[in-house]
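Take a look at the structure below.
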Amino acid sequence: MVAALLGAWLPVQASSQAKPAPSAWSGVVTYVVDGDTVRVRPPGGGKPVSVRISGIDAPEICQAGGTASRDALMRKLLGQRVAVYGRQHDDYGRLLAKISFKGEDTGRWMVAQGLAWSYRNRGNAGPYAAQQRQARAAGLGIFSPSHAAPPVYPAQFRKRHGSCR
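Residue numbers (the numbering used here): 1 to 165.
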């Protein structure tokens, strides 16, 4: 009985899931949503893919530093051809991927400029912890001493204030 039910269920599960995105491809950035999400038109055209830059967490748009983070990413990537490396999708359907522009890791660049945090998860300081320490020590971007209040990690901000959208 269990085998029959499982056999009937598996084809439905497989057919209802979207095909995985290729692990590496290039495309043109058509839109910058915020400091860690862009839309990239795949090769050959088609609908742009929403890509969440993995390894970073940028301030929310309504949070201090949010528009500066988005605007810097826009100046760097909008209209540019980038390389995209990733397969997994997040809960919002965005492709989780590293983005490289002219051979430079965009996530690493964002954190090094003080425009995003290294993405922390369960006590792990994230892939760009060294760049974050350097940006904080240099007082760059969100770590600038000119801000009225100390920077708040985006997950904590969302917990306190909800999403900006």
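From the three backbone atoms N, C-alpha and C, an ideal C-beta is built for every residue, glycine too.
Coil, strand or helix - residue i by DSSP
i      : result
His147 : coil
Arg120 : coil
Arg94  : coil
Gly141 : helix
Pro154 : helix
Ala125 : coil
Ala135 : helix
Pro11  : Confidence at Pro11 is low in this model, with a pLDDT of 38, below 50, so the placement of that residue should be treated as unreliable; the coordinate-derived value is given next. It is helical.
Arg81  : strand
Ala130 : helix
Enclosing alpha helix (DSSP H) for residue i [first to last residue]
i      : result
Gly66  : Gly66 to Leu77
Arg108 : Thr106 to Ala112
Enclosing beta strand (DSSP E) for residue i [first to last residue]
i     : result
Val40 : Thr37 to Arg41
Ile53 : Val49 to Ile53
Gly46 : Run containing Gly46: none; DSSP gives neither H nor E here.
Gly27 : Ala24 to Asp34
Burial state of residue i (16 or more Cβ within 10 Å)
i      : result
Pro151 : buried
Ser23  : exposed
Ser26  : exposed
Asp91  : exposed
Ser69  : buried
Arg94  : buried
Lys102 : exposed
His161 : exposed
Gln113 : buried
At a cut of 8 angstroms, does the stretch 49 to 58 reach the stretch 98 to 111 through at least three beta carbon pairs?
Judged by Cβ distances under 8 angstroms, the stretch 49 to 58 makes contact with the stretch 98 to 111, as three or more pairs qualify.
Does the stretch 115 to 122 come close enough to the stretch 81 to 90 to have 3 or more Cβ pairs within less than 8 angstroms?
No contact exists between the stretch 115 to 122 and the stretch 81 to 90.
Any contact between the stretch 149 to 163 and the stretch 58 to 66? By contact I mean 3 or more CB pairs, one from each, below 8 angstroms.
Pairwise C-beta distances place the stretch 149 to 163 in contact with the stretch 58 to 66, as three or more of them are shorter than 8 angstroms.
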